[in-house]
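Undergrad: Dropping a structure here in structure tokens format, bear with me for questions.
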Amino acid sequence: MGKPLKLLVVSDIHYAGPGERERSGYEARSATNVFQRELLRLYRGQIWLEDPLVHNHFLDWFMERAGEPDIVVANGDFSCDSAFTGHADDASFESAQICLNRLRERFGKSLHTTIGDHELGKKSLVGGLGGLRLKSFEITRDELGVQPFWQFTRGNYVFMGVTSSLLALPVLLAEGLEEEFDAWRELRDQHVAQIDAAFRDLKRGQRVILFCHDPTALPYLAEIQSVRAQYGRIEQTIVGHLHSEFVYKTSLVLSGLPTISFAGVPIKRMSSALQRARKWEPFDVKLCPSLTGIQAREDGGFLTVELDPDDPKPLEWEFHHLPWDAPLPEGWTEYVPG
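Read in order, the letters of the sequence shown are residues 821 to 1158 in our numbering.
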């Protein structure tokens, strides 16, 4: 038996820097009528997250409790994306930069990061604002240093990070700018080629631990022949995006739901993902919730697991809940970048 490795996974931190914190009520302002505003108020206040801009202390709680893991994966969504255009927006870039800098200061070279959908932009739930932006992809990759694909090996484990928004481009491209469509398709082709090569190059006895922010991408990942051929080598696929185990389980119950095309682009996107959720099964999916979880459940936290790199066995994850009523970290004040 080799020396055990401790793997920690955190996802959907959604940090709000100074610029984003000044945008209180940003989502309600995207509404075009009273009905939309009331729908948002109920959805935010009763289900998802009443005010996404006021939870930065969860990052401090997490870092206080994280210990000293050997490998840390932050599985996407570092800002609140309050302009709906990803990190091409200065305030969202600032949030992500602060978040990533703090993670890198805390975990050093142990940290690996994946690209989430909010890094790149997505249409607002109502009002049709924003969307996928090529500049946001370039900024995330080149300025923030979050790479679209990475892999490394520890013993018989291959850790692999992919970009869900590139894989799920067929359903997301409609949220982008038409003049950027060809560039996005080229990026996707390159990404698929990298993943294909990585799965083709797996050696005997190696097991893959895959990190993919949004499970919407998994049916598209399954279209890559080398991935399908190696299903049995995928130890687990860790996803984020859904924020809550309750939402994840509900998604499985609703799998097969027809795509809803008449209620706007965001609803079409979400229903399309649910329609294909049955195809997640071969990837042995494990959800890492957001640090906060959802308003209705307050069920957020992070995951850890101990691995024997020389003798892969089924992973026994430990969930570390972050209760909303926990005392603030001693001496806590809102972080201000120096």
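For each residue, glycine too, the CB sits at the ideal point set by N, CA and C.
Cα separation between Lys-1069 and Gly-1120?
TA: Looking at the two C-alpha atoms, the distance is approximately 15 Å.
Undergrad: Whole angstroms is fine: what's the gap from Ser-850's alpha carbon to Leu-1041's?
TA: Between Ser-850 and Leu-1041, the C-alpha separation is close to 33 Å.
Undergrad: In chain order, what residues of the same chain have a beta carbon less than 7 Å from the beta carbon of Ser-930, not counting five sequence neighbours either side?
TA: Closer than 7 Å at Cβ, skipping near neighbours: Pro-889, Asp-890, Ile-891 and Val-892.
Undergrad: For Asp-1021, count neighbouring C-beta atoms within 10 Å of its own C-beta (all shown protein chains included) and say buried if the count is 16 or more, exposed if not.
TA: Exposed.
Undergrad: Between which two residues does the alpha helix (DSSP H) harbouring Phe-898 extend?
TA: Run containing Phe-898: none; DSSP gives neither H nor E here.
Undergrad: Quick one: give me the first and last residue of the beta strand (DSSP E) that Cys-1032 is part of.
TA: First-last of the beta strand (DSSP E) with Cys-1032: 1027 to 1032.
Undergrad: Can you say whether Asn-876 is buried or exposed, counting buried as having 16 or more other CB atoms within 10 angstroms of its CB?
TA: Its Cβ being crowded by 16 or more others within 10 Å, Asn-876 is buried.
Undergrad: Determine which residues share a DSSP beta bridge with Trp-970 and list them.
TA: DSSP lists Gly-981 as partners of Trp-970.
Undergrad: By the DSSP assignment, the beta strand (DSSP E) with Thr-1057 in it spans what residues?
TA: Element bounds for Thr-1057: 1054 to 1059.
Undergrad: Suppose contacts are defined by Cβ-Cβ distances below 7 Å. Is Leu-1111 in contact with Ile-833 by that definition?
TA: Cβ distance < 7 Å, so Leu-1111 and Ile-833 count as in contact.
Undergrad: Could you give the distance in angstroms between the alpha-carbon of Gln-967 and the alpha-carbon of Glu-958?
TA: Cα to Cα, the separation comes out at about 10 Å.
Undergrad: Please report the residue range of the beta strand (DSSP E) in which Ile-891 lies.
TA: Per DSSP, Ile-891 belongs to the beta strand (DSSP E) from 891 to 894.
Undergrad: How about Trp-1137 and Leu-1123: are their beta carbons less than 7 Å apart?
TA: Contact flag set, yes.
Undergrad: Could you name the residues of the same chain whose beta carbon sits closer than 8 Å to that of Gln-1026, not counting the 5 residues immediately before and after it, in chain order?
TA: Excluding residues within five positions, the ones whose Cβ falls inside 8 Å are Thr-973, Asn-976, Tyr-977, Val-978 and Arg-1053.
Undergrad: Beta-carbon separation of Arg-1024 and Phe-1066 under 7 Å?
TA: Cβ distance not < 7 Å, so Arg-1024 and Phe-1066 don't count as in contact.
Undergrad: When the Cα of Gly-936 is compared with those of Ile-1114, Glu-842, Pro-1143 and Ser-956, which residue comes out closest?
TA: The option with the nearest alpha carbon to Gly-936 is Ser-956.
Undergrad: Under the assumption that Thr-934 contacts Gly-996 (Cβ atoms under 8 Å), give the Cβ distance between them as a whole number of angstroms.
TA: At roughly 20 Å, the Cβ-Cβ gap does not stay under 8 Å, so Thr-934 and Gly-996 are not in contact.
Undergrad: Please name the residue in Leu-1038, Ile-1044, Pro-1039 and Phe-1031 whose C-alpha comes closest to that of Leu-1009.
TA: Checking the sequence, you will find Asp at residue 1009 rather than Leu. The residue with the shortest Cα to Cα distance from Asp-1009 is Ile-1044.
Undergrad: So the alpha helix (DSSP H) Val-1012 belongs to, where does it begin and stop?
TA: Element bounds for Val-1012: 1001 to 1020.
Undergrad: Quick check on Leu-873: buried or exposed, where buried means 16 or more other Cβ atoms within 10 Å of its Cβ?
TA: With 16 or more Cβ atoms within 10 Å of its Cβ, Leu-873 is classed as buried.
Undergrad: In chain order, what residues of the same chain lie with their CB nearer than 6 Å to the CB of Leu-1135, ignoring the 5 residues before and after it?
TA: So the qualifying residues of the chain are Gln-1056 and Val-1125.
Undergrad: According to the Cβ coordinates, are Leu-954 and Ala-1003 closer than 7 Å?
TA: Contact: yes.
Undergrad: Buried or exposed: which applies to Asp-1034, given that a residue is buried once 16 or more other Cβ atoms fall within 10 Å of its Cβ?
TA: Label assigned to Asp-1034: buried.
Undergrad: Taking all protein chains shown into account, do 16 or more other C-beta atoms lie within 10 angstroms of the C-beta of Ala-903, making it buried, or fewer, making it exposed?
TA: By the neighbour-count rule (16 or more Cβ atoms within 10 Å), Ala-903 is buried.
Undergrad: Please work out which residues of its chain come closer than 6 Å, Cβ to Cβ, to Cys-1162, disregarding the five sequence neighbours upstream and downstream, and give them in chain order.
TA: Residue 1162 lies beyond the stretch modelled for the chain, which goes from 821 to 1158, so this question has no answer here.
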